[in-house]
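Going down the list, the protein sequences come from chains U and E.
Counting from 1, position 60 in the first sequence corresponds to residue 60 in my numbering; the numbering is continuous, with no gaps.
Counting from 1, position 273 in the second sequence corresponds to residue 1273 in my numbering; the numbering is continuous, with no gaps.
For glycine and all other residues, C-beta sits at the position ideal for the given N, C-alpha and C.
Note that the structure is predicted; figures quoted are calculated from it, not measured.
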Amino acid sequence: MTPGGPGVSPGSTAPDTVFDPRTPDDGRHLSRRRLVNTAFTGLVFASVVVAAIPLIAIMFYVLKKGGGVISVDFLTKDIPILTRSVGPGMGPAIVGTLLITGTATLMAVPLGILAAVYLNEYGKKNRLATVIRTMSDVMTGVPSIVMGLFIYTVWVLRFGLSGFAGALALACLMLPIVIRSTEEILRLVPDGLREASLALGASRARTIMTVVLPAAISGITSGALLAVARAAGETAPLLFTIGAARKVNQHVFSGANTALSTQIFRNAQQSFAGAQDRAWGAALTLIVLVVLLTVMARVVTKRFAVPLR
Amino acid sequence: MIAPPSTTRPPEVVPVPGAKGPLQGGSRLADRTFRGLCLASGLLVLVVLGLILVSTSNEAMPAFRQEGLRFLTSSTWDPAGGHFGALAFIYGTLVVSAVALVIAVPVSIGLALFISELAPARLRTPVVYLIDLLAAIPSVVYGLWGILVFGPEIAKLYERASSAFDGIPLLGTVVHGSSQKSFMTAGIILAVMITPIVTSISREVFNTVPRDQKEAALGLGATRFEMIRGAVLPYSRTGLVGAVMLGLGRAMGETIAVALVIGSAPAIRAQLFEPGDAMAAVVANQFGEATGTHRAALIGLGVVLFLMTVIVNLVARRVTSRADRRLAGGKR
């Protein structure tokens, strides 16, 4: 095949797809082409429907089953000792998710932004920057469970289970996402701004801190929020790093903690209705959290992205 | 975070002759520190990737040493008896990923074509939102839905298909079983989960097709379908291969949803509607109660999975970047 070459490749000689001026385009031929086109359009529309079905089904069940469970008690009370007991709550898991994700954000976002600054402002296209860029893309593809195993081997084996260990694993997942999205935004900042600042005598660092980053801040924020949203829903990196607490543990650095996602995972495997209810309730809470972050990211980009374009 | 460059010159910095200006000389140290910080953060990526490989392989050593190559070639996984062969899990990962790709790729390409070529303007945004939402749902919620709702429902369908195809040589073997948790259930759930990424990359690829080629095709009297087949698809073939491979990488590493719906049976079987197990899933399910060599073997599974996904991702990036370069050249 000659990609980018003249439209239709000579290999495909099916009369219904190649417009050949030598054959008289009689009515039957044209109607057949129209039919193929209609069938194709139908298939494409069908793929939208096919993708919408699971989304609607999942949303429906999470709202229906989770909605009946959510209450003030559910959101605040401790997790029951016996999985078969019926009733609330998920308080410690909510606190844990916020605490662990928050800690991970504090680590991953500043480092990710700095790394992106290196890639776009200093390294540009040199060899090291290219390697880091490729490897950061590769890191995006590292399975989350491997991140969990990694933190288990370097942190948990030495210092034990804690919310911080989970935060480290989440930070590893977030880092490449933040780097990627930040670099893409930095690339959009017009060079004129940098040149103007440098011409006024500002140093590189000052130019970046006072001109480049402020110009890109909305895009950076929205990228970071999307990374946070992804991290908040992760389960695998937390399974062997945070343990399983039943009571609220506000200490990030010490003691077992818990999170909504790991609670859903454990309760979903139980055959007791009480546990399954708690799983649905936790799922609704988690989805609300994640969707809020995603919507916030969209609003931030929409509202503040204007000056760049 | 980082202090703005100070204007008071630190005593140890001697002004270099030929410095370009008074302000630059004053902030040189801060400037260099900042640059160093950025570089260090960039290098962190390489350090973490290196550490992942070193520290996990190190912990997995006891299992690797005990099993040798049998770790990859044996399908006996018997924690109580001390035998650890991962072949069944590797097989499961590949089967489930293949099922997911077969379902997800056509749908994703359809979605991408819909958004970039066919959608009326007012339908485009809702469909983009739909895909964003699919991507935003956490893996564990897919798993929860799969194990409690989807699995029990689809099993009825499995039973019917299974009896319909009974007796037909190849198909009768593959389309067999009626288990709620199976390769097929995991594959379908995975398909939904990788659809967003394959769609968004395919969209990017389609957006690189030069407009004049599409318009030329339409101007010659081609229908939309003929335009897509003749102008869009040949141009984006390489990019689509990259999109599929990235989807494959995602599918192989997906853990929690698969762990919940695959059925946890370390068996190599062709029957898609029967339970199996996959690499990431077995780690998630067994790590909690594993000790000693068993734990080392599970970490070893992580090492193998890490290497597999890194290779798939590197190849995918190479394919797409080659496509990018070609497209950049083709644009003139």
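By how many angstroms is the C-alpha of residue j removed from the C-alpha of residue i?
i: V178(U); j: V1054(E); result: 24 Å
i: E1159(E); j: V1174(E); result: 13 Å
i: L200(U); j: T140(U); result: 39 Å
i: N37(U); j: L1123(E); result: 20 Å
i: A51(U); j: G1187(E); result: 15 Å
i: T1199(E); j: P1138(E); result: 18 Å
i: S181(U); j: I100(U); result: 22 Å
i: P1022(E); j: V1127(E); result: Below a pLDDT of 50, predicted positions are generally treated as unreliable, and P1022(E), at 46, falls in that range; no measurement from the model is reported.
i: I70(U); j: S1178(E); result: 34 Å
i: L1171(E); j: T1125(E); result: 41 Å
i: A229(U); j: L289(U); result: 8 Å
i: N257(U); j: T1223(E); result: 59 Å
i: A1257(E); j: L193(U); result: 47 Å
i: R298(U); j: S218(U); result: 10 Å
i: L1087(E); j: A1104(E); result: 25 Å
i: L35(U); j: H29(U); result: 10 Å
i: G102(U); j: M174(U); result: 12 Å
i: R1322(E); j: S222(U); result: 29 Å
i: G96(U); j: Q269(U); result: 21 Å
i: L198(U); j: E121(U); result: 13 Å
i: T294(U); j: M135(U); result: 26 Å
i: G42(U); j: A1119(E); result: 12 Å
i: L1260(E); j: L1049(E); result: 28 Å
i: S1236(E); j: T1076(E); result: 43 Å
i: M296(U); j: Q1271(E); result: 45 Å
i: V138(U); j: F1084(E); result: 29 Å
i: A1080(E); j: R127(U); result: 50 Å
i: V1315(E); j: G1249(E); result: 10 Å
i: Y1091(E); j: L1101(E); result: 15 Å
i: A259(U); j: I94(U); result: 6 Å
i: P54(U); j: V1192(E); result: 7 Å
i: T1195(E); j: F45(U); result: 15 Å
With burial defined as no fewer than 16 other Cβ atoms inside 10 Å of the residue's Cβ, what is the status of residue i: buried or exposed?
i: P1152(E); result: exposed
i: Q250(U); result: exposed
i: K1181(E); result: buried
i: G160(U); result: exposed
i: N1058(E); result: exposed
i: R1065(E); result: exposed
i: P6(U); result: Annotation note: pLDDT 42 at P6(U) (below 50); position unreliable, no value reported.
i: S271(U); result: exposed
i: R158(U); result: exposed
i: L188(U); result: exposed
i: L1113(E); result: buried
i: F1225(E); result: buried
Comparing C-alpha positions only, which one of the options sits nearest to residue i?
i: L1218(E); options: M1227(E), V1102(E), D1166(E); result: M1227(E)
i: E1067(E); options: V1107(E), T1320(E), G1300(E); result: G1300(E)
i: G1247(E); options: A1040(E), A1063(E), A1098(E), F1084(E); result: A1098(E)
i: A169(U); options: D137(U), E234(U), S85(U), I56(U); result: E234(U)
i: F321(U); options: F253(U), V142(U), G281(U), G68(U); result: What is shown of chain U runs 1 to 309, which leaves residue 321(U) out entirely.
i: L284(U); options: L149(U), I58(U), W155(U), D73(U); result: I58(U)
i: L238(U); options: P143(U), A205(U), G166(U), G66(U); result: G166(U)
i: I1052(E); options: A1316(E), V1310(E), T1185(E), I1194(E); result: V1310(E)
i: L119(U); options: M107(U), L106(U), R133(U), P110(U); result: R133(U)
i: V62(U); options: V1140(E), V1045(E), G1092(E); result: V1140(E)
i: E1204(E); options: I1147(E), N1285(E), E1117(E), G1276(E); result: E1117(E)
i: R84(U); options: A116(U), K302(U), N267(U); result: N267(U)
Residues bridged to residue i by DSSP?
i: D1078(E); result: H1083(E)
Which whole-angstrom value describes the C-beta separation of residue i and residue j, a residue pair presumed to lie in contact below a C-beta threshold of 8 Å?
i: L286(U); j: S261(U); result: 6 Å
i: G163(U); j: I242(U); result: 6 Å
i: A1135(E); j: P143(U); result: With a Cβ gap of about 17 Å, A1135(E) and P143(U) do not count as contacting.
i: R78(U); j: P92(U); result: Per the sequence shown, the amino acid found at residue 78(U) is Asp instead of Arg. Indeed they touch by this definition, with Cβ atoms about 6 Å apart.
i: V48(U); j: L1133(E); result: With a Cβ gap of about 13 Å, V48(U) and L1133(E) do not count as contacting.
Taking 8 Å as the line, does the beta carbon of residue i fall inside it for any heavy atom of the ligand ADP?
i: A1098(E); result: Judged by which ligands are present, the structure shown has none, so any question about the ligand ADP falls away.
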